[in-house]
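**Student:** Counting in my numbering, the sequence shown runs from 13 upward without gaps.
Glycine included, every Cβ here is placed at the ideal spot set by N, Cα and C.
Take this structure first; my questions come after.
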Amino acid sequence: MAEPLRLLVVCLGNICRSPMAEGALRHRLAEAGLEHAVAVDSAGTGGWHVGEPPDRRAIATAARHGVDLRPLRGRQLHRDDYTRFDWLLCADLQNLADVRARRPPGATAQIALLTDWAGVMTGDGAIPDPYTGGDDHFEEVWAVVDAAALGAVRRLGGR
Ligand code: 4NP
């Protein structure tokens, strides 16, 4: 069997947007029979929440959509990620700038906005940070990451 395509979703804290995207991607890829063709992980550019589970609002929102984020743990973007993954898919334009700025020599991963990569249109081409917002912000994030997950299935030729 061919090597899986390796995707890393990157946001700031790795407790809201990127774990939600990771969960949505896993869910939609599995639904399409692509779970063995694609490996998905997530990380944050910041290190404040390393080792922590996702934000309880992210867990609750994903659970309403049938996705369990409780086993996930925060981790920080590492230089090895630039060679271990095929794509570093960023939640917003600041994450994109940070991921590009930290690109080490010899990096092989391609770097993009998750929404662009997945062919999803959003207001400013990005997923807004819900951390200081209300529960409705988390539902909005879910709508975007789930659309991106469906876009990923289209892009990767799901059954
Ligand atoms: P995320 O949200 O980048 O979607 O995980 C945030 C989580 C935590 C912080 C910022 C954004 N923080 O500053 O701790």
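Please state whether DSSP places D53 in a helix, a strand or coil.
**Tutor:** strand
**Student:** Taking only beta-carbon positions, decide if L46 is within less than 9 angstroms of chain D.
**Tutor:** Judged by its chain identifiers, the structure shown contains no chain D, having just a single protein chain.
**Student:** Indicate the three-state DSSP secondary structure (helix, strand or coil) for R87 in the structure shown.
**Tutor:** Under the three-state reduction of DSSP output, R87 falls in the coil class, being neither helix nor strand.
**Student:** So is the beta-carbon of L24 under 8 angstroms away from any non-hydrogen atom of the ligand 4NP?
**Tutor:** yes
**Student:** Quick one, are the C-beta atoms of A51 and R18 less than 9 angstroms apart?
**Tutor:** yes
**Student:** Along the chain, where does the alpha helix (DSSP H) containing L108 start, and where does it finish?
**Tutor:** L105 to A113
**Student:** With DSSP as the reference, please indicate the residues paired to L101 in a beta bridge.
**Tutor:** Beta-bridge pairing links L101 to V21 and A124.
**Student:** Quick one: complete alpha helix (DSSP H) runs, 4+ long, within the stretch 124-164?
**Tutor:** 126-130
**Student:** What first and last residue would you give for the alpha helix (DSSP H) that runs through R68?
**Tutor:** R68 to R76
**Student:** Considering only C-alpha positions, which residue in the set C102, H77, W60 and L108 is nearest to Q88?
**Tutor:** It is W60.
**Student:** In terms of alpha-carbon separation, which member of A14, P16 and L24 lies closest to V111?
**Tutor:** L24
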